[in-house]
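Numbering follows our numbering, with no gaps: position 7 of the sequence shown is -1. Some notes on the structure that comes next.
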Amino acid sequence: MPQKVKAVIARSKDAPVELTTIVVPDPGPGEAVVDIKTCGVCHTDLHYVEGGIGDDYPYLLGHEATGVVSAVGEGVTNVEVGDTVILNWRAVCGECRACKKGDLKYCFSTFNAEQKMTLEDGTELEPALGIGAFAEKTLVHSGQCTRVDGVDSVDEQAAVGLLGCGVMAGIGAAVNTGEVKRGESVAVIGCGGVGVAAVAGAKLAGATTIVAVDIDPKKLAKAEELGATVTVNSKEQDAVEAIREATGGVGADVVIEAVGRPETYEQAFYARDLAGRVVLVGVPTPEMKIELPLLEVFGRGGALKSSWYGDCLPERDFPMLVDQYRLGRLPLEAFVTEKIGIDEVNEAFDTMKSGDVLRSVVVL
């Protein structure tokens, strides 16, 4: 029987979000209903509110979530009722050209639930990133559920749930896309949530020199807490020169751009060593353009790469990173700045804009 639950929606562009009642249908074939336990407040959710993703309002917000499977539909075999899961927005299809080439991380046809959750009047909701987890329950495709074991307390769930988006994007930019190796040098430009996660990923991969660049001393302090060996305030120092100085004058083996702006991407390009790798994980806007001398692109060699969702495979990466967290090698709890109620999402967006948090996490 369909269930009525409390949830947070964006009804129209730039309007304050609303806590309202939604209807969650019983799961159909391949679908699962998940009782949400925690959900991080991600900048992507704010993009939905501001119209930066599209105009398919009303949106059911929230996507960095943990929960417990409470019902499954016909044919579901990867999870069972009672499983603790992290939700993800890459449920690979196995059939598209990327999957058939073995590049599952680039799947062009990821799955979402076919049924729609609705408002009480029947208005269909568009779930953020196909998840919609600022809700007591949500309906997803079963492939969006990655089972994790031994994550029982609220604090643990709040921490590991952030792997569902931003933290995975940053860690994966270092570990998967950048392929950071033991003993290499890494620079991270932009130390918001994704950037500091890239710092943590570089440390986890064994980088010995990790340079963090930002204009905010608070963010640089957090980057240092998570593994940066050198911090650079680019208001006070030239970022490229500082990165070269920290790496023996040659530049970093890997430079991760976590801002998504032409000027910081250019810094990343020139701050790498010969044959170094640049990884773009910051998300640019459609009108942005960059111009680089083609001879410099040729002469420096190496690779210019983009990182989508940290090039992760959730079923491979989430359990591995949860294990690293439980072993004390990956301090995911450091990303949780505050825990809030489901009725405090508007305030969390205001706090996010101030730059005073890495993540607010809704606890249900």
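In this text, a Cβ means the ideal position worked out from N, Cα and C, and glycines have one as well.
{"Check": "Nearest residue (CA-CA) to VAL9, options VAL355, LEU53 and GLY162", "Outcome": "LEU53"}
{"Check": "Cβ-based burial, LYS173 [other Cβ within 10 Å; buried from 16]", "Outcome": "exposed"}
{"Check": "Range covered by the beta strand (DSSP E) that runs through ASN225", "Outcome": "222 to 225"}
{"Check": "Residue closest to ASP230, alpha-carbon to alpha-carbon, out of THR329, ALA197, GLU258 and MET280", "Outcome": "GLU258"}
{"Check": "Cβ-Cβ distance between LEU196 and GLN316 below 8 Å", "Outcome": "yes"}
{"Check": "Residue ranges of each alpha helix (DSSP H) within the segment 302 to 333, 4 or longer", "Outcome": "306 to 318"}
{"Check": "ASN104 versus PRO311: straight-line alpha-carbon distance, rounded", "Outcome": "21 Å"}
{"Check": "Helix, strand or coil at SER101 [DSSP, three-state]", "Outcome": "coil"}
{"Check": "Check whether ALA244 and GLY162 have beta carbons under 8 Å apart", "Outcome": "no"}
{"Check": "Under 8 Å between C-beta atoms of VAL271 and THR169", "Outcome": "yes"}
{"Check": "DSSP-derived helix/strand/coil call for LYS173", "Outcome": "coil"}
{"Check": "Inter-residue Cα distance where the pair is GLU288 and LYS(-2)", "Outcome": "55 Å"}
{"Check": "Residue ranges of each beta strand (DSSP E) within the segment 265 to 302, 3 or longer", "Outcome": "295 to 298"}
{"Check": "Per-residue burial, GLU106 [other beta carbons within 10 Å of its own, 16 or more giving buried]", "Outcome": "exposed"}
{"Check": "The beta strand (DSSP E) enclosing THR130, as first and last residue numbers", "Outcome": "129 to 133"}
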